[in-house]
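Each residue of the sequence shown is one higher than the one before, counting from 522 in my numbering.
For each residue, glycine too, the CB sits at the ideal point set by N, CA and C.
These numbers come from a predicted model, not from an experiment.
Accompanying notes for the structure given below.
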Amino acid sequence: MKLSKTVFLVVTLLFVVFFIVSCTSVPTELNTSNIVIATGPEGVLIFDISDPSNPELISYLDEYAGAMGIYVIGDYAYIANSLNGLVILNISDPAVSQEIGSFDTLGNAVNVDVSGNYAYIADGIDGLIIVDISDPANPQEVGSFDTVGYAKSVYISGSYAYVADGTNGLVIIDITDPASPHQVGYFDTAEYAEKVYVSGSFAYVADGWDGLVILDTSDPTNPQQIGQFDTNGYTEGIYISGNYAYLADDYNGLVILDITDPASPQEVSRFDTLGYVSSVYLFENYAYIADNYNGLRVVDISDPANPQEITHFDTGGYSVNVHVSGNYAYVADGNNGLVIVDVSDPENPQKINFFDVEGYTRDVYISGSKAYVADSYNGLVILDIDTPTNPQQIGFSNAVEYAVSVFVSRDYACVLDGWEGFVLLDITNPASPQEIGSFNTAGYARYAYISGSYVYVADGGNGLVIMDISNPATPQEVGHFDTSGYSMNVYVSGNYAYVADSYNGLVILDISDPASPQQVGHYDTFGSAASVHISEDYAYIADDYNGLVILDITDPANPQQVGHFDTNSYARDVYISGNYAYVADGDNGLVIIDISDPTNPTLVSDMLWLSLWNITGY
């Protein structure tokens, strides 16, 4: 039986809804038979489904935001990654997946199947691509077949590749010699062949508006239609288990058919989701449904005639940064843009609006009634948030190639540009920001903090760089300290700079003489320090997979951990306002923590935001 199949759906990212869920911790031991993997506009997400009523998100791979199809076997996941072709991940530990190989196809990789030492890729207009994966670190193309249509899905059975070829129907290709594939059979379905699943001598085709088409392929050179079922929706995904076909039927939800007699399929039940179902995967007695913008739904199908939902994850983007001003939290939410949340009642936060900046939102800084958004592909976007329910873009600057973060002080915005250093913009007139100076640091400029006449730059592997900007047109480096880790973020308070130094934890520097910074303290956090915020005598550290770490810094030379809260995902940023810590927790969205007692942080609310296209498992 096949262990995994996926289907591609091009979607427009819609507004998302949210709900409160309880925080769960990442399991330390995993049963790899209880894993499902989903793909969506934000990347690849891996869930532990040991408890189907409480699936746990254990890994999130946002670098594969173009992931459209995935096949899992053994220790490897093979991803059809859109314009980037085939990507191979080692998932022997699903919680810490690593890319080990890739192959860039010429077309648009939308689906992949694996058999033996070969990966078979449905590559859109380029048809079927066959890649030798005997050495996963060095995949090599060995053969191809350019189908007439748009290859959407591929299923390998025996010596044949069955390709759902869009308007061209089903194409059957002999792959006995992978270096020389050739077409042997073909059937022109009535609509648009989205996906194919082969079981025994039958091919089951998800045929768009024509529903399910069943073909007898006992003679692959002459496939014959023997059955069909016209669902009320647009059938684009399919999974066969025993005598039942489970159809992902778009807005019509999950449709379950009895296919005991393939010539006369009968509907036995339907489960109407709130979104539109694009993919379905079965494991034991549960159907895991990718419900598109409505997230992940888990349905008990032990009685196919009476499917029952047992849990649901609702959501949208990948939260990387948060800034709070007054009663509002502004969340930089990746592909989902800027999300504005009313936190006047921290126990019941309400998403009131979002602003889609069209690129990938990496950072946001609030100053007065303006939001300054670092948007990876669009530079700096300036929004008027005087009315948070109706943010309006008023200014824009593309002075940087790849905006990583932004810090605002008085009349200046310092925009970090990674390998290109930073750019200083005059924002006296927010409608027309003007570049006035720049400096290319030696490392990867991740974050900046402006204090007085100095810019303190967390410069990746280059540590902390201190720049004199008394003359903004010609910033000058005056000081440098090479931390032992990878400088991600910096916060300046009094005579000290607190550096979130990734795997090296928190580094505390005396900067009373900016030309000669000196390390005075260090604390090695358990995770990977991504961001730090200082409030009174405490340092609050977003420590990636280790959640929120709270240190007492009364004596900067001897910081002591006094509190810890393990968020559900990857704590990427933290902002302190009053008695609350607002954590941008990656795919887990915005997490609000009560820190009125720093030694006992407690969860106030947790918003899970996910969007899913496809789902599979192993």
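With respect to the beta strand (DSSP E) encompassing residue i, which residues constitute its N-terminal and C-terminal limits?
i, result
"residue 883", "882-888"
"residue 775", "775-779"
"residue 921", "Where residue 921 is concerned, there is no enclosing beta strand (DSSP E), given that its DSSP letter is neither H nor E."
"residue 1000", "997-1002"
"residue 1084", "1081-1086"
"residue 896", "891-896"
"residue 716", "716-720"
"residue 712", "Run containing residue 712: none; DSSP gives neither H nor E here."
"residue 1056", "1052-1056"
"residue 1023", "No beta strand (DSSP E) holds residue 1023; DSSP gives it neither H nor E."
"residue 748", "745-750"
"residue 1073", "1069-1073"
"residue 1047", "Per DSSP, residue 1047 belongs to no beta strand (DSSP E) and is neither H nor E."
"residue 677", "674-678"
"residue 791", "787-792"
"residue 929", "926-930"
"residue 664", "661-666"
"residue 1062", "1059-1063"
"residue 1102", "1101-1105"
"residue 1094", "1094-1098"
"residue 933", "933-937"
"residue 769", "765-769"
"residue 947", "943-947"
"residue 685", "681-685"
So is residue i buried or exposed if we call it buried at 16+ other beta carbons inside 10 Å?
i, result
"residue 1036", "exposed"
"residue 892", "buried"
"residue 703", "exposed"
"residue 597", "buried"
"residue 918", "buried"
"residue 1126", "buried"
"residue 604", "exposed"
"residue 476", "Residue 476 is absent from the structure shown; the chain starts at 522 and stops at 1139."
"residue 550", "For residue 550, the predicted model reports a pLDDT of 32, less than 50, meaning its position is unreliable; a value from the coordinates is still stated below. Classification for residue 550: exposed."
"residue 656", "exposed"
"residue 715", "buried"
"residue 1024", "exposed"
"residue 962", "buried"
"residue 1033", "exposed"
"residue 617", "exposed"
"residue 818", "buried"
"residue 890", "exposed"
"residue 1122", "buried"
"residue 468", "Residue 468 falls outside the range modelled here, since the chain spans only 522 to 1139, and no answer is possible."
"residue 700", "exposed"
"residue 1078", "exposed"
"residue 552", "Confidence is the limiting factor: at residue 552 the pLDDT is only 40, short of 50, which leaves the residue's position unreliable, though a coordinate-based value still follows. Burial call: exposed."
"residue 678", "buried"
"residue 882", "buried"
"residue 926", "buried"
Among the options, whose alpha-carbon lies nearest the alpha-carbon of residue i?
i, options, result
"residue 1102", "952, 1069 and 1077", "1069"
"residue 648", "630, 1117, 1098 and 659", "630"
"residue 762", "750, 770, 988 and 802", "802"
"residue 824", "767, 1008 and 818", "767"
"residue 1045", "686, 904 and 1022", "1022"
"residue 759", "743, 732, 946 and 741", "732"
"residue 898", "1048, 944, 907 and 922", "922"
"residue 671", "756, 632 and 788", "632"
"residue 675", "658, 712, 660 and 727", "727"
"residue 1009", "933, 959, 1031 and 1095", "1095"
"residue 614", "680, 595, 701 and 664", "595"
"residue 710", "1029, 721 and 730", "730"
"residue 684", "662, 721, 653 and 717", "717"
"residue 472", "673, 666 and 712", "Residue 472 lies beyond the range of the chain shown here (522 to 1139); nothing can be said about it."
"residue 967", "1017, 809, 935 and 748", "935"
"residue 830", "1049, 780, 774 and 782", "774"
"residue 886", "810, 969 and 953", "969"
"residue 959", "972, 976, 720 and 949", "976"
Could you tell me which residues DSSP puts in a beta bridge with residue i?
i, result
"residue 1140", "Any property of residue 1140 remains undetermined from this structure, which presents the chain solely from 522 to 1139."
"residue 988", "976 and 998"
"residue 756", "729"
"residue 800", "811"
"residue 1123", "1115"
"residue 698", "DSSP lists no partner for residue 698."
"residue 830", "820"
"residue 805", "Answer by DSSP bridge pairing: none, since residue 805 is not bridged."
task: Jot down the residue ranges of each uninterrupted beta strand (DSSP E) in the region 572-656, minimum 3 residues, whole runs only, in chain order.
output: Listed in chain order, the complete beta strand (DSSP E) runs (minimum 3 residues) inside the region 572-656 are 577-582, 590-594, 597-601, 607-611, 619-624, 632-636, 639-643 and 649-653.
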